[in-house]
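Worksheet for the structure shown next.
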Amino acid sequence: MFKQAKVISRTAKCLLMALSLTALGGVAQAADVVNKATQAHFIDATTAHIPQGYRSWTHIGTFATPPGHKTIIDGSTREGAQFGNTYVETSALAIYKVTHKWPDGTQFVKEFSESSLADDCDKTTGACVMNHGKKWPQHMGNCDKTTGVCVTTHGTGIFQNNFFGVTYMVKDAARFPKAPGNWGYFAFGPAKSDKAYPQTSKVLPFEKCAGCHVAHVADKDYVFSDLHLGLQ
Numbered sequence: 160m161f162k163q164a165k166v167i168s169r170t171a172k173c174l175l176m177a178l179s180l181t182a183l184g185g186v187a188q189a190a191d192v193v194n195k196a197t198q199a200h201f202i203d204a205t206t207a208h209i210p211q212g213y214r215s216w217t218h219i220g221t222f223a224t225p226p227g228h229k230t231i232i233d234g235s236t237r238e239g240a241q242f243g244n245t246y247v248e249t250s251a252l253a254i255y256k257v258t259h260k261w262p263d264g265t266q267f268v269k270e271f272s273e274s275s276l277a278d279d280c281d282k283t284t285g286a287c288v289m290n291h292g293k294k295w296p297q298h299m300g301n302c303d304k305t306t307g308v309c310v311t312t313h314g315t316g317i318f319q320n321n322f323f324g325v326t327y328m329v330k331d332a333a334r335f336p337k338a339p340g341n342w343g344y345f346a347f348g349p350a351k352s353d354k355a356y357p358q359t360s361k362v363l364p365f366e367k368c369a370g371c372h373v374a375h376v377a378d379k380d381y382v383f384s385d386l387h388l389g390l391q
């Protein structure tokens, strides 16, 4: 009986080891491949469709620029303060955290919004008392048009009001074999609102976006990782 028990025990150990190796193999394989369900969608060789569900990706940081600055989307000047909200597709980030390399298929989105210093604010004083015909949930006092800072009953701050555009960065070795790092860059907008975003974009020329990444972060696979708290 004891000999039989030893045989069963030895068999169980072998089975557990085989299952463990299979599981580890599956994890290793999964760690090299981005999620196919959220992969980039291209209309043709140089045209990308705006990615779906990017706001549910991992948010890695937001930057702000004062009112009156140009947007990198097309060089136009925005009246309000600008915010760049950056997201990375989650499965690519998981791989990066393990390998410290961005896998083929990685996608970044930077969605731009701005503070409200336009239609629903007084042009002279900057006071914002209405929100597209509705009362603000809190009292909005004066908004400084130089800094974009508004005074409210709950404190002072800069408030994102409306989305107006998206920039998009995709790593695709098959599609962009000669591009630095195999990255393609796209822009959707500007638009009056996120509901009016263009649905497609041609890949941007080198001087529009790639040139800046090549000049400043070539040693980081062309990603401004040091500027995003979520990547540090």
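Residue numbers for the sequence shown follow this note's numbering, so the first one is 160 and each next one is one higher.
Don't be surprised by glycine CBs; every beta carbon is placed ideally from N, CA and C.
Query raised in the report: Skipping 5 residues on each side, what residues in its chain have a beta carbon closer than 8 Å to that of residue 360?
Result: Answer for residue 360: 206, 207, 209, 327, 345, 346, 347, listed in chain order.
Secondary structure of residue 341, DSSP reduced to three states: Reduced to three states, the DSSP call for residue 341 is helix.
Quiz prompt | Contacting residues, own chain, Cβ-Cβ under 6 Å from residue 232 (five flanking each side not counted) | solution = The residues are 324, 346, 348, 349.
Length of the line joining the Cα atoms of residue 329 and residue 312:
In a straight line, the C-alpha of residue 329 is about 42 Å away from that of residue 312.
Delimiting residues of the alpha helix (DSSP H) encompassing residue 208:
Element bounds for residue 208: not the alpha helix (DSSP H) but the beta strand (DSSP E), 206-208.
Taking DSSP as the reference, what is the three-state secondary structure of residue 254? Here residue 254 sits in helix by DSSP.
Please work out which residues of its chain come closer than 7 Å, Cβ to Cβ, to residue 415, disregarding the five sequence neighbours upstream and downstream, and give them in chain order. Nothing can be reported for residue 415, as the shown portion of the chain is limited to 160 through 391.
query = Straight-line CA distance for residue 356 to residue 226?
reply = C-alpha separation (whole angstroms): 22 Å.
Check your understanding: Which same chain residues, not among the five before or five after residue 381, have their C-beta less than 8 Å away from its C-beta?
Key -> So the qualifying residues of the chain are 339, 340, 342, 369, 372, 373.
Proximal residues to residue 379 (C-beta, below 8 Å), its chain only, five neighbours per side dropped: Only residues of its own chain outside the window of five on either side were considered, and among them 385 have a CB closer than 8 Å to the CB of residue 379, listed in chain order.
task = Report all residues from its chain with a CB closer than 8 Å to the CB of residue 316; omit the five preceding and five following residues, and keep chain order.
result = Excluding positions up to five away in sequence, the list reads 308, 309.
Inset, instruction - Quick one: give me the first and last residue of the beta strand (DSSP E) that residue 247 is part of. - result: DSSP places residue 247 inside the beta strand (DSSP E), whose first and last residues are 241-247.
DSSP beta-bridge partners for residue 326?
-> Beta-bridge pairing by DSSP links residue 326 to 269, 346.
Q. Cα separation between residue 376 and residue 333?
A. Rounded to the nearest whole angstrom, the CA to CA distance from residue 376 to residue 333 is 22 Å.
What span of residues does the beta strand (DSSP E) with residue 370 cover, start to end?
That residue, residue 370, is in no beta strand (DSSP E); its alpha helix (DSSP H) goes 369-376.
| Would residue 249 be called buried (16 or more neighbouring beta carbons within 10 Å of its own) or exposed? | Exposed: under 16 other Cβ atoms inside 10 Å.
Roughly how far, in whole angstroms, is the beta-carbon of residue 230 from the beta-carbon of residue 271, given that I think they are within contact range, below 8 Å?
-> With 8 Å as the limit, residue 230 and residue 271 qualify as a contact, their Cβ atoms being about 6 Å apart.
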